[in-house]
Amino acid sequence: MSLFWRIFLLNAIVLIGATALLLGPVTVSTPVLLTEAAILAVGLAAMLVLNALLLRIGLRPLQRLTRAMTTADLLRPGERPGVTGGREIAELISAFNAMLDRLEAERAASAANALSAQEAERARIARELHDEIGQTLTAVLLELKSVADHAPPEIREELLHVVETTRSSLDEIRRVARRLRPGVLEEFGLVAALKALTNEFATPVLSVQHRIDSDLPPLGPDVELVLYRVAQEGLTNVVRHAQAKTAHLILRRVPGGVRLRIVDDGRGIRGAAEGTGISGMRERALLVGAKLHIGPAGRCHPDSDADLELGITPGGGTEVCLTVPVRQGSH
Numbered sequence: 001m002s003l004f005w006r007i008f009l010l011n012a013i014v015l016i017g018a019t020a021l022l023l024g025p026v027t028v029s030t031p032v033l034l035t036e037a038a039i040l041a042v043g044l045a046a047m048l049v050l051n052a053l054l055l056r057i058g059l060r061p062l063q064r065l066t067r068a069m070t071t072a073d074l075l076r077p078g079e080r081p082g083v084t085g086g087r088e089i090a091e092l093i094s095a096f097n098a099m100l101d102r103l104e105a106e107r108a109a110s111a112a113n114a115l116s117a118q119e120a121e122r123a124r125i126a127r128e129l130h131d132e133i134g135q136t137l138t139a140v141l142l143e144l145k146s147v148a149d150h151a152p153p154e155i156r157e158e159l160l161h162v163v164e165t166t167r168s169s170l171d172e173i174r175r176v177a178r179r180l181r182p183g184v185l186e187e188f189g190l191v192a193a194l195k196a197l198t199n200e201f202a203t204p205v206l207s208v209q210h211r212i213d214s215d216l217p218p219l220g221p222d223v224e225l226v227l228y229r230v231a232q233e234g235l236t237n238v239v240r241h242a243q244a245k246t247a248h249l250i251l252r253r254v255p256g257g258v259r260l261r262i263v264d265d266g267r268g269i270r271g272a273a274e275g276t277g278i279s280g281m282r283e284r285a286l287l288v289g290a291k292l293h294i295g296p297a298g299r300c301h302p303d304s305d306a307d308l309e310l311g312i313t314p315g316g317g318t319e320v321c322l323t324v325p326v327r328q329g330s331h
């Protein structure tokens with residue numbers, strides 16, 4: 001029965017019942033007596049309450065659908081509303097679920113194309129920085145050193161200062177190029193790349209420690225790149241925003257896949273809005289069917305023994321936790 005006829009019949013039953021009472025034992029005088037007015041008021045209130053109750057029961061599936069519409073987030077795939085209610089409501093919920101499936105698939109495909117283009121552009125910029133600007137600065141550095149060696153003593157110190165500035169700029173360009181294109185990931189694999197990443201982000205005020213299982217399952221290049229980029233963005237956020245003294249990079253084998261955790265002892269998220277960095281991590285997680293959780297340290301996927309050994313305090317700082325499923329025999 002359609003929604004229209006269900007509501008119509010519910011109201012018709014109530015009105016027919018009221019009419020039958022008026023034609024039967026219930027009579028109304030002219031003018032209306034006080035007792036009769038009270039009876040009519042009570043009857044009207046009862047009809048309204050009954051009608052509201054029946055409508056609330058009939059339209060409850062639409063309320064669940066409304067909540068699902070307002071909370072749907074393509075970057076956080078979640079449960080679908082159950083297909084319940086009458087034929088028309090069930091068809092509406094089914095259509096909404098199908099629309100979400102289609103939008104999530106299209107979002108994943110477009111994100112994959114965008115990230116692939118982004119990685120290609122990063123590789124191009126890294127090559128230009130290394131091959132063109134890097135070589136130019138190297139030539140400038142050699143010329144400056146030659147000039148400084150033959151310069152009079154009164155200007156030699158200034159030239160040596162310029163040499164050191166040029167050398168620092170060259171090192172910075174090489175560091176930026178390595179971040180844009182993780183050559184160590186391509187040449188030496190994920191474990192070596194993550195260890196190099198922790199060394200790169202370590203500073204005199206921030207200690208970055210790593211713990212990586214030695215029995216990781218075979219991971220495809222896409223999964224390795226996602227793990228590396230999420231770790232890179234997580235450590236970048238620690239340096240920029242956390243005001244932490246210690247950060248941990250943990251990559252462990254778990255049933256059905258691997259789990260990457262970036263944990264710090266900083267000031268925490270404190271209700272801050274998610275920026276483009278976190279949105280990028282969520283998009284990358286969707287590419288490999290992974291689940292990304294960001295919250296207080298030790299609460300996403302606590303590992304009590306390891307956390308206790310590493311000195312991770314539950315509830316302190318921030319944790320980025322990426323769980324990646326890995327199929328058996330995948331390469």
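For what it's worth, the UniProt record's numbering labels the leading residue of the sequence shown as 1, then goes sequentially. Backbone N, C-alpha and C fix where the C-beta goes; we use that ideal spot for every residue, glycine too.
Residue 252: member of the beta strand (DSSP E) spanning 246 to 254, first to last residue.
Annotation: residue 317 to residue 237 spans about 12 Å, alpha carbon to alpha carbon. About 7 Å separates the beta carbon of residue 320 from that of residue 230, a gap short enough to meet the 8 Å contact definition. The stretch 272 to 285 makes no contact with the stretch 243 to 253, as fewer than three CB pairs between them are under 8 Å.
Ranked by Cα distance from residue 123, the options 185, 80, 81 and 104 are led by 185. Using a 10 angstroms sphere on the CB of residue 265, the tally of other CB atoms reaches 16 or more, which defines it as buried. Around the CB of residue 155, fewer than 16 other CB atoms lie within 10 Å, so the residue is classed as exposed. Taken in chain order, the whole alpha helix (DSSP H) runs of length 4 or more contained in the stretch 163 to 219 are 183 to 188 and 190 to 201. Its Cα nearest to that of residue 11, the residue 53 stands out among 40, 53, 42 and 81. Assignment of residue 222 by DSSP, reduced to helix, strand and coil, places it in the helix class. Note that the C-beta distance between residue 117 and residue 287 is not below 8 Å. Only residues of its own chain outside the window of five on either side were considered, and among them 242 and 243 have a CB closer than 7 Å to the CB of residue 267, listed in chain order. Contact annotation: residue 258 and residue 218 have beta-carbon atoms that are not nearer than 8 Å. At the C-beta level, residue 290 and residue 322 come within 8 Å of one another. Non-local C-beta neighbours of residue 191 in its own chain, meaning closer than 7 Å and more than five positions away in sequence, comprise 212, ordered along the chain. The Cβ-Cβ distance between residue 14 and residue 50 falls below 8 Å. Per DSSP, reduced to three states, the secondary structure at residue 288 is coil, with no helix or strand assignment. One alpha carbon belongs to residue 133, the other to residue 175, and they sit about 13 Å apart.
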